[in-house]
Amino acid sequence: MRRIKDKLSTRLMNVCVASLCKAKQLEKAEIVIVDGIRIGLQPDVVTYNTLIAAYCRVVGIDAGYSILHRMKDAGINPDVITYNALIAGATRYSLLSKCLDLFDEMLEMRILPDIWSYNTLMNCFFKFGKPDEAYRVFQDILLKDISVHSATFNILINGLCMNGYTENALMLFRSLKCHGFIPQLVTYNILIHGLCKSGRGNVAREFLNELVESGHIPNAITYTTVMKCCFRYRQFEEGLKIFAEMRNKGYTYDAFAYCTVASMLLKTGRITEANEYLGYIITSGFTLDIVSFNTIFNLYCKEGQLDNAYTLLYEAENGGLESDKYTHAILIDGLCRTGNFQEAQQQLNRMSVTGFDSNLVAWNSFINGLCKTGQLDYATHIFESMDMKDSVSYSTMVRGLCQARRFRAASKLLLSCIRGGMNILKSDKRIVIDGLRSCGLTHEARKVQSKIQMAKLLHY
DNA sequence: GTAGGGTTAG
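If you read the first sequence in the numbering used here, its first letter stands for residue 987, the second for the next number, and so on.
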């Protein structure tokens, strides 16, 4: 009687742990377990498996491993579900060799892999751009006569699409359907995404119709996939229409889709509309995370409303939100746009001190601001002192020098850039050559042109 | 446990 009661209570504890883990509240889940142990309950294999999956998902594979050790210390043997969770965790963190090691370890421990072990392994190979190995796993499944799961086919179709074999994915889909496979909503979403990604928006649209005709109801994933596809191919109005439909149907329950739309509007200069959507994010009660914050912050900075931007930043930081490298880059760009170069420089220096190492974007923004306002010497000085430069840095300087009609300096920089194997925009190379010609420096222009040709031959 | 999605510079 007592044992049945304990079992029931352990199950109850596991339900609690699972729901907390789902909400990523791992500390609370641990507290539940500690309390359980205090009243005499023993965590079982299900408790540990739940924890391992959650730690792998939220923290990382090492955290998952440490739970495995805790589990073993407690005298509980891992099972196939334990290993599946670890393999899935390794896949998520892009650790192919770890996946393979875990699979071997599982076999050594005489734990029989199930269809999900194979599914995960197959997915792992696809993720690493190894479709042949993935397909071999699929053949292994068939050979061992393990009964497949519909997810097996979904993973196959997805993997083929992600590895550039959209046509094969389509063929597989059709032939599976002929053999009685009933596509799920996720199957359609996978195909639609693959088709959009490979530039076949029209076919994607056909599948969207087929999805509805076969009785499925598109979900938030379907909508965002199609919307992004429209924006990518510059069908802005079409994309906005999809967003409106998404909103009407109640699929905009977080700030994600709003941020996509607002950024697109901002990039295409539709600031009033961007303002409307972002205003909605602010008043909607969505929790502002750093990305949605940055989106709004960017709008204020682009509009030159630095006071509003600073107020927002101040409030956010007081509320415990930590700014990131994007926030800093956006602020520096905003300062440059409003002519506050001194403050921008101070901010940049502060960033170096506080250890934001990937601030290249911010430095590029700064030299761009200087070039645009004709402060070429200052820009050159900064450019030369930068310990990291990319093609954007070079492009910006080359463009700036040309604008100041310093074509000789521009061509010198362009050549050093080419020598370094860095490729800048074709249009920027053109500006240099045309500029040299317009000053009568035809010989120099020809030299630059031939060097560009030479570099092309060498690099491709 | 397989699908989507947001932020910065030329």
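All C-beta atoms in this analysis are idealised placements derived from N, C-alpha and C, irrespective of residue type, glycine included. Being a predicted model, the structure only gives us computed values, none of them experimental.
- Ile1353 and Lys1412 have their alpha carbons spaced roughly 20 Å apart.
- CA-CA distance, Leu1098 to Ser1381, rounds to 57 Å.
- In this structure, Gly1421 lies near Ala1396, with their beta-carbon atoms less than 8 Å apart.
- Judged by their CB atoms, Gly1026 and Ile1047 are not nearer to each other than the 8 Å cut-off.
- Sequence-distant Cβ neighbours of Gly1290 in its own chain, meaning closer than 8 Å and more than five residues away, are Gly1320, Arg1323 and Thr1324.
- With a beta-carbon spacing of about 11 Å, Ile1141 and Ala1155 fall beyond the 8 Å limit used to define contacts.
- The closest CA to that of Leu1285, considering only Cys1403, Phe1193, Asp1275 and Ala1260, is found on Ala1260.
- Under the three-state reduction of DSSP, Glu1231 is assigned to helix.
- Rounded to whole angstroms, Gly1166 and Leu1158 show a C-alpha spacing of 12 Å.
- Asn1063 is classed as exposed because its beta carbon has fewer than 16 other beta carbons within 10 Å across all chains shown.
- A buried status is given to His1179, since no fewer than 16 other beta-carbon atoms sit within 10 Å of its beta-carbon.
- Rounded to whole angstroms, the separation of the alpha carbons of Met1372 and Asn1345 is 11 Å.
- Straight through space, the alpha carbons of Val1134 and Asp1030 are spaced by roughly 29 Å.
- Nearest neighbour of Ala1348 by Cα position, chosen from Asn1105, Thr1273 and Gln1332, turns out to be Gln1332.
- Per DSSP, Met1372 lies in no alpha helix (DSSP H) segment and is marked neither H nor E.
- Boundaries of the alpha helix (DSSP H) harbouring Tyr1069: Val1066 to Arg1078, taken from the DSSP string.
- At least 8 Å separates the beta-carbon of Cys1357 from that of Arg1394.
- By the neighbour-count criterion, in which a residue is buried when 16 or more other Cβ atoms sit within 10 angstroms of its Cβ, Thr1273 is exposed.
- Membership of Pro1099 in any alpha helix (DSSP H) is not indicated, and neither H nor E is assigned to it by DSSP.
- In this structure, the straight-line span from the alpha carbon of Ile1318 to that of Tyr1296 is close to 12 Å.
- Between Asn1280 and Tyr1312, the gap from beta carbon to beta carbon is short of 8 Å.
- Going by beta carbons, His1367 and Met1337 fall outside the 8 Å limit.
- Listed in chain order, the non-local C-beta contacts of Leu1088 below 7 Å within the same chain comprise Tyr1069, Leu1072, Ile1073 and Ala1076, local neighbours out to five positions each way being set aside.
- Per the coordinates, the alpha-carbon of Ala1009 lies some 19 Å from the alpha-carbon of Gly1271.
- One thing to note: Leu1401 has its Cβ no nearer than 8 Å to the Cβ of Leu1362.
- Secondary structure of His1165 (DSSP, three-state): coil.
- In the DSSP assignment, Asn1345 falls outside any alpha helix (DSSP H) and carries neither an H nor an E.
- Secondary structure at Thr1359: coil, using DSSP grouped into helix, strand and coil.
- Counted as a single uninterrupted DSSP element, the alpha helix (DSSP H) harbouring Tyr1312 occupies residues Lys1311 to Arg1323.
- Ranked by Cα distance from Tyr1121, the first of Gln1221, Tyr1104 and Asp1131 is Tyr1104.
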